[in-house]
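Numbering (the numbering used here), first residue to last: 2 to 123. Note that beta-carbon positions come from the ideal geometry of N, C-alpha and C, so glycine has one too. The structure displayed is predicted, hence computed values, not measured ones.
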């Protein structure tokens, strides 16, 4: 590929477990590939940047070899990483050393039981 691939539908969320003690950063997106034997991959850049609140991920497209069809379509790519909770504000996706996407990290609340209502006295 000469330039950066087209991408879409990026999401990043730091999701707590039900107790709120452990967190998992989940990054999802779609990357355009040009053959059926190509697969997008995300991995942490080493070393990370100077801002510890931004996670840098390298995007690559690997070929599994063998027979393939020259079809242009989008394939899903996923990345997960255990975190300490509210560890990241942004995720930057890099291709060939250049930022191609910047994603704000969401911090959804865990599901909790609704508060008990007090009974009215009769």
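- Query: What separation, rounded to the nearest whole angstrom, lies between the Cα atoms of residue 97 and residue 36?
  - Reply: Residue 97 and residue 36 have their alpha carbons spaced roughly 20 Å apart.
- Message: Among 63, 87, 6 and 68, whose alpha-carbon lies nearest the alpha-carbon of residue 32?
- Response: 6
- Report, in whole angstroms, the separation of the C-beta atoms of residue 61 and residue 42, which I expect to be a contact under 8 Å. 5 Å
- Task: Express the C-alpha separation of residue 34 and residue 72 in angstroms, rounding to a whole number.
- Result: 8 Å
- Query: So residue 17 and residue 66 are in contact, right, with Cβ under 8 Å, and what is the actual spacing, rounded?
  - Reply: In fact, because the Cβ distance is near 40 Å, the residues do not count as touching under 8 Å.
- Message: Does residue 67 come out as helix, strand or coil in the three-state DSSP assignment?
- Response: coil
- If we count the other Cβ atoms within 10 Å of its Cβ and call it buried at 16 or more, is residue 80 buried or exposed? buried
- Message: Assuming contact is defined by CB atoms lying nearer than 8 Å, are residue 95 and residue 58 in contact in what I supplied?
- Response: yes
- State the DSSP-derived secondary structure class of residue 88, mapped to helix, strand or coil. coil
- Item | One or two residues paired with residue 8 in a DSSP bridge | 32
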